[in-house]
Amino acid sequence: MAAIVITTEIALPPTLLIPQTMPYAAVAGITMHAAFTCLKPRQLITFSGLTLGTYIAFAI
35 MAAIVITTEI
45 ALPPTLLIPQ
55 TMPYAAVAGI
65 TMHAAFTCLK
75 PRQLITFSGL
85 TLGTYIAFAI
């Protein structure tokens with residue numbers, strides 16, 4: 035499971051730069067970081083909030 039998450043984290047930034055894949059990458063990133071927040075809310079609320087804001091900034 036950790037290998038999948040690490041691979042996804044590595045793959046997301048380049049896919050955010052490609053206009054055709056950007057919407058899918060943004061949804062995948064938002065979903066993944068929302069799940070992280072649900073798993074460890076106290077430790078990750080600030081990090082995940084900032085990351086979600088970054089995904090939204092890419093979408094605009």
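According to my numbering, the residues represented by the sequence shown are 35 to 94, in order. Backbone N, C-alpha and C define an ideal beta-carbon position, used for all residues, glycine too.
*CA-to-CA distance, Ala36 to Thr65, given in whole angstroms*: 16 Å
*C-alpha gap between Gly63 and Leu86, whole angstroms*: 8 Å
*Excluding sequence positions up to five away, which residues of its chain have a Cβ less than 7 Å from the Cβ of His67?*
Ser82, Thr85 and Leu86
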